[in-house]
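Throughout the sequence shown, residue numbering follows mature numbering (1 follows the signal peptide of the UniProt record, and there is no 0), covering -20 to -1, 1 to 221 in sequence.
What follows is one structure encoded as structure tokens, with my remarks underneath.
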Amino acid sequence: MRTKAVLFFLLLLPVYVVNGQDDKREYLKKVLDNLEQIKSATYKVEGEVWNPGDTIPSSIRKYMVKEFDNPADSTIGASFVNLGTDDGKEFQFGYNGEVRVLVNHAVKEIKIDNFTTRSLPVRPLSPPFFNYCKNIVRYALETEDSIATTLEDCGDYFHFKLVINENTQVEFFGKAYHMPPPPFYVEPTSIYELWIHKSNGLPYKKRRAMSHDISVETCCNVEINKETIDRFDVFDYVPQG
């Protein structure tokens, strides 16, 4: 029954052909609407980190994510856990809208951070995939910042590119955040790219490029709206003993 519900959800997502600036904007609105319909998602991620100019990534991580839309959290706007990808049981990281939980399996140490040690304007953690993509698209549609966008038809997917030309780099901790100027010069251009399936109007790959590093996330094996946040407890995933 759950499988049928997920398939029905995907069939409801519209498919569009994009031509011109007006069509691009309308398509992005539909992608945003599709992302806003996701209340929960389970998926696998391959994450890569690159140094600018390198031809191979400096690190590759594979893991599973359980992501929940969390409107009660005005910072990130999502709750989630990152789990070992082989069996989805090894807890790596979690956030429930109030605290983040980290584990060091090598020394069997668990750290709980309630973000009160330092007073910061954001919660410095990387949001889960669909929350991240949702905020990128919303920003592209609503911001008054200096930006340039392109949307390229690539056959069975669209490639969306957002270039932010502000005085400082822009990161996404939930909503977009203009980073404070560093004490030394840093190229301020921020670039975000999304690869969007035509079949369901949802992103499946994200790339973030800054002058100091590049990160790429690709997600697969996606299951949508099969769980609810009222049954989510980050500490259910934390190893005991």
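Just so it is clear, CB atoms sit at the ideal spot from N, CA and C, and this is done for glycine as well.
If you follow the alpha helix (DSSP H) that residue i is in, where does it begin and where does it stop?
| i | result |
| --- | --- |
| residue 121 | 109 to 122 |
If we call anything under 8 angstroms between Cβ atoms a contact, is residue i one with residue j?
| i | j | result |
| --- | --- | --- |
| residue 129 | residue 120 | yes |
| residue 109 | residue 43 | no |
| residue 182 | residue 14 | yes |
| residue 219 | residue 71 | yes |
| residue 188 | residue 172 | yes |
| residue 56 | residue 111 | yes |
| residue 116 | residue 152 | yes |
| residue 168 | residue 146 | yes |
| residue 20 | residue 207 | yes |
| residue 52 | residue 77 | yes |
| residue 227 | residue 198 | Residue 227 lies beyond the residue range present for the chain, which begins at -20 and ends at 221; the question has no answer from this structure. |
Residue i bridges to which residues according to DSSP?
| i | result |
| --- | --- |
| residue 44 | 24 and 63 |
| residue 83 | 90 |
| residue 223 | Shown here, the chain extends from -20 to 221; a query on residue 223 therefore has no answer. |
| residue 152 | 156 |
| residue 177 | 137 |
| residue 129 | 142 |
| residue 49 | 58 |
| residue 217 | BP columns for residue 217 are empty, so no partner. |
| residue 38 | DSSP, once it has assigned bridges, lists no residue as partnering residue 38. |
| residue 172 | 142 and 188 |
| residue 224 | Any answer about residue 224 is impossible in this case: the structure gives the chain only from -20 up to 221. |
Would you kindly report the start and end of the unbroken beta strand (DSSP E) that includes residue i?
| i | result |
| --- | --- |
| residue 189 | 183 to 189 |
| residue 74 | 71 to 75 |
| residue 155 | 155 to 158 |
| residue 143 | 137 to 144 |
Suppose you measure from the CA of residue i to the CA of residue j; what does that come to, to the nearest Å?
| i | j | result |
| --- | --- | --- |
| residue 133 | residue 140 | 9 angstroms |
| residue 5 | residue 12 | 10 angstroms |
| residue 205 | residue 46 | 11 angstroms |
| residue 135 | residue 89 | 47 angstroms |
| residue 100 | residue 212 | 26 angstroms |
| residue 82 | residue 31 | 25 angstroms |
| residue 41 | residue 91 | 21 angstroms |
| residue 2 | residue 9 | 11 angstroms |
| residue 84 | residue 7 | 42 angstroms |
| residue 203 | residue 185 | 16 angstroms |
| residue 138 | residue 114 | 16 angstroms |
| residue 26 | residue 126 | 31 angstroms |
| residue -4 | residue 217 | Residue placement at residue -4 is poorly supported in this model, since its pLDDT is 47, which falls under 50; the coordinates still yield a value, given next. Rounded to whole angstroms, residue -4 to residue 217 spans 42 angstroms at the Cα level. |
| residue 103 | residue 177 | 30 angstroms |
| residue 144 | residue 79 | 30 angstroms |
| residue 170 | residue 192 | 11 angstroms |
| residue 96 | residue 50 | 21 angstroms |
| residue 158 | residue 195 | 18 angstroms |
| residue 18 | residue 98 | 32 angstroms |
| residue 35 | residue 142 | 23 angstroms |
| residue 37 | residue 200 | 20 angstroms |
Going along the chain, which residues of its own chain have a beta-carbon closer than 6 angstroms to the beta-carbon of residue i, five neighbours each way excluded?
| i | result |
| --- | --- |
| residue 39 | 29 |
| residue 64 | 70 |
| residue 48 | 20, 59, 209 and 212 |
| residue 106 | none |
| residue 148 | 158, 159, 161 and 168 |
| residue 215 | none |
Give me, in chain order, the residues of the same chain whose beta-carbon lies closer than 7 angstroms to that of residue i; leave out the 5 immediate sequence neighbours on both sides.
| i | result |
| --- | --- |
| residue 68 | 44 |
If you measure from the beta carbon of residue i to each beta carbon in chain D, is any gap under 8 angstroms?
| i | result |
| --- | --- |
| residue 212 | In the structure shown, chain D cannot be found, because there is only a single protein chain. |
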